[in-house]
Every structure is written in C-alpha cells, then in structure tokens.
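In this note's numbering, the protein residues as written are 749 to 830.
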C-alpha cells in the first residue's frame, strides 16, 4: 500500500532490504523537520578511533554536538550490513 506524501512534507528515499531483495523505501517527515540524507561513500574499516575522529571532525557538516545545540531530540540512522 502506498500513499502520496503531503505537499508540505519532506521525503527521503533510501535503499532497503540489502541482500534480501534491495528496494527503495520512502520515508516521509513533517515539513518543519530538517532532514538530510548522507549515503555512504565506501572505504576501509576505520575502527573505533576513526569513528570518534569522524564525529569530532565530520566532512561537509558541523559536528553532531554543534547540530544538537538547542535541540531536545535527535534521530541518527546507521545502515550496518555487517
């Protein structure tokens, strides 16, 4: 069953069901939400220290601690195919 997103909503199309029939899945968010999709670029395993460094100095974005200032909640989604 599908339905059209309201004209005042934000949508994000993501890949879903990896290894089990990949398909696109549309997520719809309220218009007032600031929604960003950052697909993975691939690369080598960076380990825990690399992850910590990436959170401290992300590429193309302010650190999460800066983005979270003044906010009451957050949602971070990670696609882990391990």
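Idealized CB from N, CA, C, for every residue including glycine.
Per DSSP, which one or two residues make a beta bridge with residue i?
{"i": "residue 760", "result": "775"}
Is it the case that the Cβ atoms of residue i and residue j are separated by a distance below 9 angstroms?
{"i": "residue 832", "j": "residue 758", "result": "Only positions 749 to 830 of the chain appear in this structure, which leaves residue 832 out of reach."}
{"i": "residue 815", "j": "residue 821", "result": "no"}
{"i": "residue 799", "j": "residue 785", "result": "no"}
{"i": "residue 794", "j": "residue 801", "result": "yes"}
Which one of the options has the shortest CA to CA distance from residue i?
{"i": "residue 789", "options": "801, 813, 807", "result": "807"}
{"i": "residue 774", "options": "780, 825, 764", "result": "764"}
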